[in-house]
Structures are given as structure tokens and as C-alpha cells.
Amino acid sequence: MNKSENTQRRKTLSGLPVEPLYIPADQSGSYEEKLGMPGEYPFTRGVYSTMYLERPWTMRQYSGFGTAEDTNARYKRLLAEGQTGLSVAFDLPTQIGLDSDAEEAEIEAGRVGVAVDSLADFEVLFDGIPLDAISTSFTINATAPVILAMYMLVAEKQGVPLKKISGTTQNDILKEFVARGTWIFPVEPSLRLVTDSVTFSAEHLPRFNPISIAGAHFRDAGGTAMQEAAFTLSDGIVYVERALQRGMLVDQFAPRLSFYFYTYTDIFEEVAKYRAMRRLWARIMKERFGAQDPRSQMFRFGVVCGGKSLTRQQPLNNVIRVAYEALAAVLGGVQSMFTAAYDEAYALPTEESAILALRTQQVLADETGVANTIDPLAGSYYVEALTDKMEAAIVATMDEVDRLGGMVRCVENGTIQRMIADEAYRSERAISSGEQAVVGVNRYQSQEAGQLHLHAYDASILERQRERLSEVRRRRDNRAVQQYLSDLRAACRDPQKPLMPYIVDAVRAYATIGEITDTMREVFGVFQEPVGI
Amino acid sequence: MAYRVLVAKPGLDGHDRGAKVIARTLRDAGFEVIYTGLRRSVESIIAAAIQEDVQLIGLSLLSGAHIPLTQKLMAKLHEAGVTIPVVVGGTIPEQDVPVLHQLGVQKVFLPSTPLEEIVRDVTTIVEQSQQEEVVVQS
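Top line first, the protein sequences correspond to chains A and B. Just so we're aligned, residue 1420 is where the first sequence starts under our numbering, counting upward by one. Just so we're aligned, residue 564 is where the second sequence starts under our numbering, counting upward by one.
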């Protein structure tokens, strides 16, 4: 790097200005007001008083492919290698409510995640995995209530009491309309389903997070760190408001709200982002919603490291990127982490690359000493100043969304989508021009073609999956299934009816995800995407 | 007159960052760009291509289903007697690039392909196919 480049780069990855030096005068406000002790309001220094001293963050590698048998074997391997939680990747048909025997599912079944049609698949997926001891995170949104019902029922079959199961359904549909795109129903009925599962969980599943409000996908679709944080907190406010409108008290459900983000390679920007969001969420919950229970004010979050920060060129460099990102997340006070494998710019990870990604976290936890003390960067002139700057930028973006009509409206009319696409384009051009450095891409390029051994899609999946599905359809009581579906249809038509109990009944009778989704779609219709570039 | 291109998302994949960046890049390079939105069937992509009278179809695929989806699109194009050139972009392993070429895809763009190269290649492909059309017509 030459000297002029060196002196020019005074911005974080997301564009916040960075001074050459920070001094005590850059800090403002009192310790108690802005930081406080870990585990105490406003939680800037961490949500727990002991943080990693008691136990490290949960290592939770996003994983799933093929049939339930294939994925169950991978989970057992990851657990045997020291992974401490599960994170289920579903195939696209499952995510958008299609059975594996639907025509559109034909070429996608079991491809980017595990194929799930009915409770029978869940029985295989969690076979031999004790659900009272392991927590499971599900990246599932439009069909989250169905998956939640399946998880409950499979725990019930294992003899695990519902109050003991723990885990998370992502269930953040607002961001699906903006990024990732696994929406089904229009915005309002989609929000009704989210609220239904939040109220249902509060009543029956005290250790389960019914929703993980996710900024990760805003970020990986191109948004800045500030947009990622702002849109996520704004989404969080919508979900809280909807539950309150349902007549719940904030402290009944808010302790179970959790969050999910991408962590990229700008270490201090990421640390500042997480510290600023903790402070902001605590204030929003306390001041705006009157939450009294400290757990309602706690901003608990998981992260993924990798995504768009990974490059196809010189793929082994991705191991290094992910390691720095994991460090940033831990310095930022993360609760659970997924470190992506270096070959994910090509395909799903192989078993070998998936285990290396897990080892990245284990080295961080057991060898580096970063987890030996709580919030080690607190008091750094730079980190505290950047945290303040980040907080102000997040608030400014949230205010802009409010000015434009609020999150729901901005999602429906494509405003958020456009704001993110603007940033994606800007960042791609900055990489293209070399303004934003990416090693191996616009710096230190080399010609060697990496010979990677990649995960291959097994074409026999579809047949195996369709076989199990047709057996389920043959063996179940089809009259009972039709009755439960017709009850569900009637409940959908009555806006006062909570839908979860109807979905649980249908799932217990082995109704499929496609049948349940079709039933709801008949009443709710489908989302009309605001198409634009 | 500006050339018209269709940027399309076939299949169930909901990742549109790449499609939108390419659409904007081509638009800024002087193309008229029509973007389909997510989860379009092969049939509706072909119908849009014909209706909008585009000179190139670009498929964006990140779900790993690039071969069967492209195969289906090429077969339907052939059936319909349509000769619009097709390019494909997305997370595609190197070993699949020749397979896509065999299916009749003119060019495959990877996440590592620079934007300028995409603009250059798309321009060349469109200009060549227009010249061929002129030759056929005369």
C-alpha cells in the first residue's frame, strides 16, 4: 500500500469517519449513564454480569442439506466435535411452504438445506439428539409457526417437557420482504402469524425465543452497518407494538426477543455496532415501552461471520477473514455464533471445511484469552467514541424510516429495498475501482485457480424424500388431516383467532407444510413484490 | 437506440443483491434493463423476454440449481423458436461452467467477475447477435 492510500483511508467499512488519534476529550457522558456495569442498564458492556467467565458463547454452525437422515448425521458429527448448539438450514421449498412433491420443488428439494415436509422428517432430524440439553436455532420465517409446532411435538415425543426446550425460530418476516425473499403471504397476515407465535411461546415455551430479529440479511444484501442496525431495531419496535396491541404486557414477551447480525471484517466498527445497539435497545424498551424487567431490556444477539465478506478468489483467505470477524463478535459481546466455511462462495461447505470453521471459534475461546475478562475494549478512547458515533448514525436512520412512514410501509412500497440496493451498488463500485480494499480481489491478485473439493448435491435426495412423503400421506388419518386443515382455514378468516393451536393440531396429525401453507394462502393471498432495481 | 436486456431470477432463490447490482451496472452503461423480480417461472421469463423485445437474457442463480433451471429455460426457448442469447451469473462452481456452455449459455459470470468485464461481454454478445440477425434478414 502506498502512502497516499494509507493516509486517505479514514473511514470505517460502512463509511463512518475515523480520526487519526483519539484522546480523552473525545469521550462524553458519565460511566453510569453511558456504560454501566455488565448485566446492568443500559447494558453497553454486555447483557450478563459474568459474560464468558461462566460459559463461552454458543457455537452454532448453520447446517442442513439433503434429507433428514443426511442432516442428522452431520449434526451428530458437529456435536461430537464440540459444537454447543444446533442451527438448522432448510431447503427453499420448506422455507416457502412447498412440499417436496410440488412441481416447483423438484429441482430445489434438499439443495440449500434439509428438506422437511411433515413431522415425520423432524422425528428423523432430531433422532438421538436430546432436546432438553441442546438448543436449536431455525432459520425459518414464513413457515416458522409450522416448524415451531414440529419442534414442540418432536420434543413431546422424546418425553421432554415444553418448558425445558430452548432455541429460536428466526420468524422475522419483515426482513424477508427486503432481503432473502422467502415471503409467502402479504405483510399484514404475515405479521399476524409472527404475533401469534410470540404470544403462544410466551404462554407455553418459556425458554424458547419465538423470534430472532435479523439484520444480517439487510447487511449481506448490501446495507451498511448503520442500516443493518437501524432497520433491525425498527423491525423490533414493530414486533413489540404488535404484541402489545394483542393485549400482552411488554415484560411477558420481551425477555424472549433475540437478534441476529452479520459481522464483517472491520473489527472496531462491529464492536461499536453491538455496543451501540445494546444501549439503544435497552433505552427503547425502558423509555418507550416501559419495560421493567431487566431481561426485557437485554439485547441478546447471535451473529454470522462470512457472507459477502468472503471472496471466491484465493478462498483460503476466507479462513482469516472469518477469524477476525469472530474476534470482533466476541469483543462485541455476542451470545451465539456461526462462522461460515471458507468454501461458501462456491457451494455448501464440506464436512471438512465445516469443522475447520468450528475450530476457528474453539481456538478463539480456548487459546487467545479474549474471553478472560468482560468487555475488554471498554474505555478505549476510539471504541467509546465510535460507539457514540454509531449510535447517532443508527438513530438518524431510524428517524428517516419513521419520516418515510415507518418500517411496515417502507417495506411494502420498496423504500428499504431501494436504500439497500443503493449501498450494494456503491460498495460494488468501490471494490471495482479499488477504493475499498479486498485482498486477492483488487490487491495482491494471483492467477492460480484454487482446486477445491466441493460439496456435491446428491440427486437421489428427491426420490428418497418423496418416498417418505408418500408414505406419510398413506399412513396418516386423512380425514382427520382434512378436518384440522378446514378448522385452520376457518380460524384464518377470523382475525381474533390465534392460529398456533390450529397449526399444532394439523402438524400432530402429519399434515404437511405444503398443505398447511396452501390452506392459509387460500385465505391470506400472496405478497406482491415491489419490483425495482 | 439502447439495447434491451432482461435480468431474471428463476427458481425459488430469494437472493437479489447480485441481480440488482448487475441491473444497475448495465443501466449505467447505457442498456435498458428490465428486472423480473424474484421466483419467476421459466415460462414467465421467456414471455417477458419476448414481450419486452430484449436482446439478451441474464439469469441470476444462487441456489445451486443453476444447471437444471438453465436446462429448462434453454429447452423452452428452443421449443418457442426464440434465439435470444442467454448469460448466467451467480455462485457457480468452476466445474459447472462448461456444462452451462454446452447447454447453449453464451457466458457465465462468477462472483469474482469484475463489473467492467460483465458490461464488455454483454455488449459484445448483444452486438454479435444483432449482426447475425441482420445477416439472416438480408
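In this text, a Cβ means the ideal position worked out from N, Cα and C, and glycines have one as well.
Here Pro573 (chain B) is buried: its Cβ has 16 or more other Cβ atoms, across all protein chains shown, within 10 Å. Interface flag for Gly1448 (chain A) against chain B is unset, since no Cβ pair is found closer than 8 Å.
Per DSSP, Leu1517 (chain A) lies in no alpha helix (DSSP H) and is assigned neither H nor E. A check of alpha carbon separations from Ile1935 (chain A) across A:Asp1913, A:Ala1773, A:Gln1901 and A:Val1782 identifies A:Gln1901 as the nearest. With respect to the 8 Å criterion, Ser1609 (chain A) and Ile1630 (chain A) are not classified as neighbours on the basis of their beta carbons. Excluding its 5 nearest sequence neighbours in each direction, Arg1927 (chain A) has C-beta neighbours in its own chain below 6 Å: Leu1572, listed in chain order.
The criterion of a C-beta distance shorter than 8 Å is satisfied by Ile1603 (chain A) and Gly1516 (chain A). Residues Phe1557, Ile1559 and Thr1588 of the same chain have their beta carbon placed closer than 7 Å to that of Ile1566 (chain A), with the five preceding and five following residues left out of the count.
Asn1590 (chain A) carries a coil assignment under DSSP once its states are collapsed to helix, strand and coil.
Every beta strand (DSSP E) stretch that sits fully inside the region 1658-1720 of chain A and reaches 3 residues is listed by chain position as 1676-1682. By the criterion of at least three beta-carbon pairs nearer than 8 Å, the region 1521-1537 of chain A is in contact with the region 1503-1512 of chain A.
Gly574 (chain B) belongs to the set of residues whose beta carbon lies under 8 Å from a beta carbon in chain A. Residues of chain B with a Cβ closer than 7 Å to the Cβ of Gln1732 (chain A) are, in chain order, Ser675.
By a beta-carbon distance limit of 8 Å, Val1543 (chain A) contacts Ala1487 (chain A). Their separation comes to about 4 Å. Across the structure, Asp1794 (chain A) and Glu1622 (chain A) are spaced so that their CA atoms are roughly 34 Å apart. Only Ser626, Gly627 and Ala628 from the region 611-629 of chain B bring a Cβ to less than 7 Å from some Cβ of chain A. Ranked by how close their Cα comes to the Cα of Gly1641 (chain A), the residues A:Cys1911, A:Ala1760 and A:Arg1599 have A:Arg1599 in first place.
Spanning the alpha carbons of Leu1699 (chain A) and Glu1810 (chain A) requires a straight line of approximately 7 Å.
Taking C-beta atoms under 8 Å as the contact rule, Leu632 (chain B) and Leu624 (chain B) qualify, at a distance of about 6 Å. One thing to note: Tyr1929 (chain A) has its Cβ within 8 Å of the Cβ of Ser1537 (chain A). Taking C-beta atoms as the reference points, Pro1564 (chain A) and Ile1922 (chain A) count as a pair closer than 8 Å. Taking 8 Å as the CB threshold, Glu1459 (chain A) stays off the interface with chain B. Its Cα nearest to that of Arg1714 (chain A), the residue A:Phe1462 stands out among A:Leu1435, A:Phe1462 and A:Asp1518.
Residue environment for Glu1689 (chain A): buried (at least 16 other C-beta atoms within 10 angstroms of its C-beta). Contact of Leu1873 (chain A) with chain B is assigned, a C-beta pair being separated by under 8 Å. Identification of chain A residues near Lys583 (chain B) by a Cβ-Cβ cut-off of 7 Å yields Ala1840, Ala1843 and Ile1952, ordered along the chain. Gly1458 (chain A) carries a coil assignment under DSSP once its states are collapsed to helix, strand and coil. When CB distances to chain B are screened at a threshold of 9 Å, the residues of the region 1593-1616 of chain A falling below it are Glu1595, Ala1598, Arg1599, Gly1600, Thr1601 and Trp1602, in chain order.
If you ignore the 5 residues before and after Asn1832 (chain A), its C-beta comes within less than 7 Å of the C-beta of Pro1949, all in its own chain and listed in chain order. Counting only runs of 4+ residues, the alpha helix (DSSP H) found wholly inside the region 596-667 of chain B occupies 605-614, 629-642 and 660-665, in chain order. The alpha-carbon separation between Phe1757 (chain A) and Val1507 (chain A) amounts to approximately 11 Å. Contact with chain A is absent for Val698 (chain B), since none of that chain's Cβ atoms lies less than 8 Å from the residue's Cβ. Taking one beta carbon from each stretch, the region 612-629 of chain B and the region 1877-1894 of chain A have fewer than 3 pairs nearer than 8 Å; the two do not touch. In terms of CA proximity to Met564 (chain B), B:Gly593 leads the group B:Leu575, B:Gly593 and B:Asp576. Assignment of Met564 (chain B) by DSSP, reduced to helix, strand and coil, places it in the coil class. In the three-state reduction of the DSSP assignment, Lys1576 (chain A) falls in the helix class, which pools H, G and I.
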